[in-house]
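> Below is the structure I would like to discuss, written out as structure tokens.
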Amino acid sequence: TGTNGKGSTCAFVAALLQAQGLSVGVYSSPHLLRYNERVQLNGVEATDEQLCEAFAALDAGRGEISLTYFEMGTLAAFWLFERARLDVVVLEVGLGGRLDTVNVVDADLALVTSIGVDHVDYLGDTRESVAYEKAGIFRAGKPALCGDLDPPQPLLDKVRELECPFFLRGREFNLDIGEQHWQWHGRDARGQMVELHNLPLLNLPMENAALALQAYLLLDLPWDAAQIAATLRATRVVGRLDRRAVEWQGKRLNLLLDVGHNPHAAEYLAQRLARTPPLGRRLAVFGLLADKDLDGVVAPLLESVQAWAVAPLDTPRSRPAAELELALQNLGARVASYASLTAALEAQCAVATAEDEILLFGSFYCVAEALEWLARRPTEEAAHGITG
Numbered sequence: 186t187g188t189n190g191k192g193s194t195c196a197f198v199a200a201l202l203q204a205q206g207l208s209v210g211v212y213s214s215p216h217l218l219r220y221n222e223r224v225q226l227n228g229v230e231a232t233d234e235q236l237c238e239a240f241a242a243l244d245a246g247r248g249e250i251s252l253t254y255f256e257m258g259t260l261a262a263f264w265l266f267e268r269a270r271l272d273v274v275v276l277e278v279g280l281g282g283r284l285d286t287v288n289v290v291d292a293d294l295a296l297v298t299s300i301g302v303d304h305v306d307y308l309g310d311t312r313e314s315v316a317y318e319k320a321g322i323f324r325a326g327k328p329a330l331c332g333d334l335d336p337p338q339p340l341l342d343k344v345r346e347l348e349c350p351f352f353l354r355g356r357e358f359n360l361d362i363g364e365q366h367w368q369w370h371g372r373d374a375r376g377q378m379v380e381l382h383n384l385p386l387l388n389l390p391m392e393n394a395a396l397a398l399q400a401y402l403l404l405d406l407p408w409d410a411a412q413i414a415a416t417l418r419a420t421r422v423v424g425r426l427d428r429r430a431v432e433w434q435g436k437r438l439n440l441l442l443d444v445g446h447n448p449h450a451a452e453y454l455a456q457r458l459a460r461t462p463p464l465g466r467r468l469a470v471f472g473l474l475a476d477k478d479l480d481g482v483v484a485p486l487l488e489s490v491q492a493w494a495v496a497p498l499d500t501p502r503s504r505p506a507a508e509l510e511l512a513l514q515n516l517g518a519r520v521a522s523y524a525s526l527t528a529a530l531e532a533q534c535a536v537a538t539a540e541d542e543i544l545l546f547g548s549f550y551c552v553a554e555a556l557e558w559l560a561r562r563p564t565e566e567a568a569h570g571i572t573g
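Our numbering numbers the first residue of the sequence shown as 186 and each following residue consecutively.
Listed below in structure tokens is the structure:
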């Protein structure tokens, strides 16, 4: 679990395990275009037939028990994983952690990626309250890993209460990102230091790769530095620092898609963008849900973006484009609003050159609509994404 970084951390862990020939299931949420994305068996999405079979089995067996949408989906994933007789299951624990449906499982390893403020109606408006909820995934005597450099006290208290072997970024494991490569070190279950040098820069957050490496190390599986480096480099997650090239009216344009939708994610995105400025301008396409911190999301990116196009999302939960436009105007940004995200994206494509970069971010809804738009025209994924 974690405020941000859950999807990429799950992807890194699963990829490292599959590289060793293990059969792996992954359950994550939300999906972008298809519900099937939530359940993966050895890197392949569950089919419609598999999901329908699972739902039918659950419906037949639940009797008078009422199940929520998420409970039904989670149990369906578990049903499929059991049938597949997998070696390992990687579970993304969603909202909060402590009370999430997935947390019914007593995991062998529990990872907290990061701790920031989001979903304040459910988790509270402080890092301390969020940390308390995240620490709810820890189990007595089982390793607990944390990718946050400064976890609030409630998380540390839970580690001590449960007597968990604790692996904290910046202490038991860490990374050092250079201009061309990055380095990593961690400790195995016996406390011995292990190092990796000259790892290739990744498009996904290397901080999450570092956490995944520490988890993998604790499983006492084969450790081949070259294979690990290749596996990390090949790992992709749609919509996370996801660079694409698209042909638009005779121009080849550069798009960057990111589902970041809270201040913590925006600050990280701004750091990555600062390392890789485009030759031309950076043009944003942006939409946001009404319950998100608007100023907190856009403020970190003001220096990186030269012009904004804002639009409502295709959901009743969307924040109106007029509110987005006014907030950005008040912050001194150059901004225009549009009736739909597709219209905003096409407006930026119309003015962009091959040296510009179009950044589309703010919500899973944003990226989902952009992916549907991209599916209707020639595109290609950039070979290495952001590598700074």
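Backbone N, C-alpha and C define an ideal beta-carbon position, used for all residues, glycine too.
Here's the rule: buried if 16 or more other CB atoms are within 10 angstroms of the residue's CB, otherwise exposed. What is Glu-432?
Classification of Glu-432: exposed, given that the 10 Å Cβ count is below 16.
> Have a look at Ala-560 and Thr-527 and give me their C-alpha separation to the nearest angstrom.
13 angstroms
> In chain order, what residues of the same chain have a beta carbon less than 7 angstroms from the beta carbon of Ala-316, not counting five sequence neighbours either side?
Ile-300, Pro-336, Pro-337, Pro-339 and Leu-340
> Roughly how many angstroms separate the alpha carbons of Gln-533 and Pro-501, rounded to a whole number?
Looking at the two C-alpha atoms, the distance is approximately 25 angstroms.
> Tell whether a beta-carbon distance below 9 angstroms holds between Phe-546 and Phe-471.
yes
> CA-CA distance, Arg-460 and Glu-222?
31 angstroms
> Cα separation between Ala-200 and Glu-277?
15 angstroms
> Decide if Met-391 is buried, meaning its Cβ has at least 16 other Cβ atoms within 10 Å, or exposed.
buried
> Applying the criterion that 16 or more other CB atoms from any shown protein chain within 10 Å of the CB defines a buried residue, is Ala-411 buried or exposed?
Exposed, by the Cβ-count rule.
> Take Leu-384 as the anchor and find which of Pro-407, Ala-415 and Val-520 has the nearest alpha-carbon.
Ala-415
> Please confirm if the region 396-407 is in contact with the region 318-336, defined as three or more CB-CB distances below 8 angstroms between the two stretches.
yes
> Could you tell me if Ser-214 is buried or exposed, where buried requires 16 or more neighbouring beta carbons within 10 angstroms of its beta carbon?
buried
> If you draw a straight line from the alpha carbon of Leu-454 to that of Val-422, how long is it in whole angstroms?
Per the coordinates, the alpha-carbon of Leu-454 lies some 15 angstroms from the alpha-carbon of Val-422.
> Any idea what DSSP makes of Ser-193, helix, strand or coil?
helix
> Report the CB separation of Leu-441 from Glu-542 in whole angstroms; it is logged as a contact under 8 angstroms.
6 angstroms
> In the structure shown, what three-state DSSP assignment does Ile-543 receive?
strand
> If I measure Cβ to Cβ from Glu-452 and keep anything under 8 angstroms in the same chain, skipping five residues before and after, which residues do I get?
Pro-485
> Which runs of the beta strand (DSSP E) fall wholly inside the region 404-463 and span at least 3 residues, in chain order?
427-433 and 436-443
> Rounded to the nearest angstrom, what separates Gln-514 and Arg-437 at their Cα positions?
30 angstroms
> Considering only their Cβ atoms, is the gap separating Val-379 from His-370 smaller than 9 angstroms?
Judged by their CB atoms, His-370 and Val-379 are nearer to each other than the 9 angstroms cut-off.
> Under 8 angstroms, with one C-beta from each stretch per pair, do the region 186-205 and the region 272-291 reach the 3-pair mark?
yes
> For Ala-506 and Ser-489, which I take to be in contact (beta-carbon distance under 8 angstroms), what is that distance rounded to the nearest angstrom?
Cβ-Cβ separation between Ala-506 and Ser-489: approximately 21 angstroms, too far for a contact (criterion under 8 angstroms).
> Ignoring anything shorter than 3 residues or poking outside the region 228-284, list the beta strand (DSSP E) runs there in chain order.
Taken in chain order, the whole beta strand (DSSP E) runs of length 3 or more contained in the region 228-284 are 273-276.
> Between Gly-187 and Glu-234, what straight-line distance do the alpha-carbon atoms span, to the nearest angstrom?
32 angstroms
> On the criterion of 16 or more Cβ atoms from any shown chain inside 10 Å, does His-446 qualify as buried, or is it exposed?
buried
> Could you give the residue range of the alpha helix (DSSP H) that holds Phe-549?
549-559
> Arg-312: which of Lys-191, Tyr-254, Leu-294 and Leu-334 sits nearest, CA to CA?
Leu-334
> If you measure between the beta carbons of Val-520 and Glu-531, is that distance less than 9 angstroms?
no
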